[in-house]
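Asks: This is the structure I have questions about; it appears just below.
Numbering (the numbering used here), first residue to last: 190 to 786.
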């Protein structure tokens, strides 16, 4: 049975045609009828189809007949974005082969290289596939040379296809059968299955998508989840399908399947965990399991303060389908009650915020994203700080370490100068610079994480006219000369606007922030001071002028002292207002932090 199974994945950079190629393979194998077929059928969320990105990995079981023999092809789709690279690594560890899809018009991009290295780490058979060959700007030989130069894969037999028009799809299916090895598990060994995806179903509870490495699974079997050491009975088994799950009584060695255990929480079925037989468990789990760690943190608050409980329920429901999400309540003087939410990266943050607003009809405001800092105190202890307002007083801090990432950027050579200037401004340290071809350059830099969480991607696209591609991976913590920059409005610190910045940049950032906020804060009946401060030291200030009211308009004729008396009275009133008056900050003021250069 195992020799007729092929488990493979498709890896590619964003927008290189991965989802379209999956559509054509599904169509060619007749897994979905013409009536049920839709574009990007593997992408189940509206947000995925609108943005043209895969957020959640999906799988499908295909039947393909080659020379009279039926083969089972398990296509494991993977997200392309760096934020979801952990899901990519788990998906690839469930395969024996991968299709490396590269756009014939764009060539090798940053995430192409990142995902290939994950595939090579898992010892997969990689088939290079040049896509979009029917476009006028396609140059397949040049792209093959790029792949050989930057990755070192032999492209002499690379397949040329067009996922949109269906050119070369039949040859690709033949190559999958002939070149990708069959699984080699032991059918008679104790059950060993890897969870590479999990989600919540309203009717069946938490479901796990597993790759069976050894043994078999059958209905009614008692299984053990190794990280939690909890036992469950298998209530249902299914084969994955884009339209509806296909029920089965048994999943054999080497196959992909969905398990229903009647579990109510996704935390018990974490991605990367191992499932084994409860009566004859294996001794060691499949290596490589680690819980997904949040990389970026931001405060999320409802604009209408009475919607706090609704936001809590929405986050709980979203966590059922996204185990990487973490949140805890927090309060802000300026914004009221909300949550500190942990995300895998900036795209993950955008997607979660958009899903909360769409699916639960909430109006939300997000504070500036931050990363986790290691703060070493003078008493020798260390605390992890993710919210700038939690940073201790300056005199208690010995030093602060910040997380760094290794950034890979591939760009046309004409923009190298612009990128080097941008990276120098962001405190980047160059590690590598390679010319892949005469007109394409690969740059590798060590960058502080907090320099990329704000607007780095937008700036990179702006200075390269959209041609550069960007990928990163966390590396280590390094010491930095960092301070907390506070914004004071009418003398009060607005905690939601506090950010942690490098000391040498604090003046220009403080200056830029107060200038942008001066235009956003509405004028009051009294003058409002906007100040940037580090501790008690004010480093920048702007004032919002008071609204002028002509109190002498009705005072005509008579002595000048009458007018003076009214003006003095107004002056006293403004002075009193200044000491007790409150300034309501508009929503745009909190977004100003995200837009400063």
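All C-beta atoms in this analysis are idealised placements derived from N, C-alpha and C, irrespective of residue type, glycine included.
Following the continuous alpha helix (DSSP H) through residue 606, name the residue where it begins and the one where it ends.
Replies: In the DSSP assignment, residue 606 falls within the alpha helix (DSSP H) that extends over 605–614.
Asks: If you follow the alpha helix (DSSP H) that residue 647 is part of, which residue opens it and which one closes it?
Replies: 645–652
Asks: How about residue 491 and residue 552: are their beta carbons less than 8 Å apart?
Replies: yes
Asks: Residue 547: buried (16+ other C-beta within 10 angstroms of its C-beta) or exposed?
Replies: exposed
Asks: Rounded C-beta distance between residue 260 and residue 195? I'm assuming under 8 Å.
Replies: Correct: roughly 6 Å between the Cβ atoms.
Asks: Using C-beta distances below 8 Å, list every residue in its chain close to residue 338, excluding the 5 sequence neighbours before and after it, in chain order.
Replies: Closer than 8 Å at the Cβ level, and outside the excluded window around residue 338, lie 625, 626.
Asks: For residue 788, which residues does DSSP report across the bridge?
Replies: An answer regarding residue 788 cannot be provided, because it is not within the stretch 190 to 786 covered by the chain.
Asks: Could you give the DSSP three-state label for residue 306: helix, strand or coil?
Replies: helix
Asks: For residue 317, count neighbouring C-beta atoms within 10 Å of its own C-beta (all shown protein chains included) and say buried if the count is 16 or more, exposed if not.
Replies: buried
Asks: State yes or no: is the C-beta of residue 406 within less than 8 Å of the C-beta of residue 451?
Replies: Not a contact, by the Cβ cut-off of 8 Å.
Asks: Any contact between the segment 639–659 and the segment 720–732? By contact I mean 3 or more CB pairs, one from each, below 8 Å.
Replies: When C-beta atoms of the segment 639–659 are compared with those of the segment 720–732, fewer than three pairs fall below 8 Å, so the two segments do not count as touching.
Asks: With a Cβ-Cβ cutoff of 8 Å, do residue 463 and residue 542 count as a contact?
Replies: no
Asks: Could you tell me which residues DSSP pairs with residue 532 in its beta bridges?
Replies: 485
Asks: Considering only the beta carbon of each residue, do residue 735 and residue 753 sit closer than 8 Å?
Replies: no
Asks: DSSP three-state call for residue 667: helix, strand or coil?
Replies: strand
Asks: Identify whether residue 589 lies in helix, strand or coil by the three-state DSSP scheme.
Replies: strand
Asks: To the nearest angstrom, how far is the alpha carbon of residue 345 from that of residue 335?
Replies: 12 Å
Asks: Between which two residues does the alpha helix (DSSP H) holding residue 335 run?
Replies: 329–339
Asks: DSSP three-state call for residue 295: helix, strand or coil?
Replies: The answer is coil: DSSP assigns residue 295 none of H, G, I, E or B.
Asks: Should residue 688 and residue 674 be called a contact, given that it needs their Cβ atoms to be closer than 8 Å?
Replies: Going by C-beta atoms, residue 688 is nearer than 8 Å to residue 674.
Asks: So, residue 285 versus residue 197, is the Cβ gap smaller than 8 Å?
Replies: yes
Asks: Counting pairs of beta carbons, one from the segment 605–615 and one from the segment 626–644, are three or more of them closer than 8 Å?
Replies: yes
Asks: Closest by CA to residue 670, which one among 691, 403, 330, 362?
Replies: Out of 691, 403, 330, 362, 691 has the C-alpha closest to the C-alpha of residue 670.
Asks: Specify whether the segment 654–668 and the segment 590–599 touch according to this definition: at least 3 beta carbon pairs, one from each stretch, less than 8 Å apart.
Replies: yes
Asks: Does the segment 384–396 come close enough to the segment 355–374 to have 3 or more Cβ pairs within less than 8 Å?
Replies: Taking a contact to require three or more Cβ pairs closer than 8 Å, the segment 384–396 and the segment 355–374 do not qualify as touching.
Asks: Please go through the segment 680–724 and give each complete alpha helix (DSSP H) segment of 4 or more residues, from N-terminal end onward.
Replies: 692–707
Asks: Mind checking whether residue 534 and residue 494 have CB atoms under 8 Å apart?
Replies: no
Asks: For residue 662, tell me which candidate among 256, 215, 279, 306 has the shortest Cα-Cα distance.
Replies: 306
Asks: State buried or exposed for residue 739, treating a residue as buried only when at least 16 other CB atoms are found within 10 Å of its CB.
Replies: exposed
Asks: If residue 283 and residue 385 are in contact, beta carbons under 8 Å, what's the gap, nearest whole angstrom?
Replies: 5 Å
Asks: If you check the beta carbons only, do residue 412 and residue 378 fall under 8 Å apart?
Replies: It is not a contact, given that the beta carbons lie outside the stated cut-off.
Asks: Comparing C-alpha positions only, which one of 399, 352, 359, 435 sits nearest to residue 280?
Replies: 399
Asks: Using DSSP with H/G/I as helix, E/B as strand and the rest coil, what is residue 407?
Replies: strand
Asks: In the DSSP assignment, find the unbroken alpha helix (DSSP H) run with residue 635 in it and report its ends.
Replies: No alpha helix (DSSP H) holds residue 635; the beta strand (DSSP E) holding it covers 629–637.
Asks: Who are the near neighbours of residue 416 in its chain, counting only those whose CB is closer than 6 Å to its CB and skipping five residues on each side?
Replies: 462
Asks: How is the beta strand (DSSP E) around residue 573 delimited, first residue to last?
Replies: Run containing residue 573: 571–574, per the beta strand (DSSP E) assignment.
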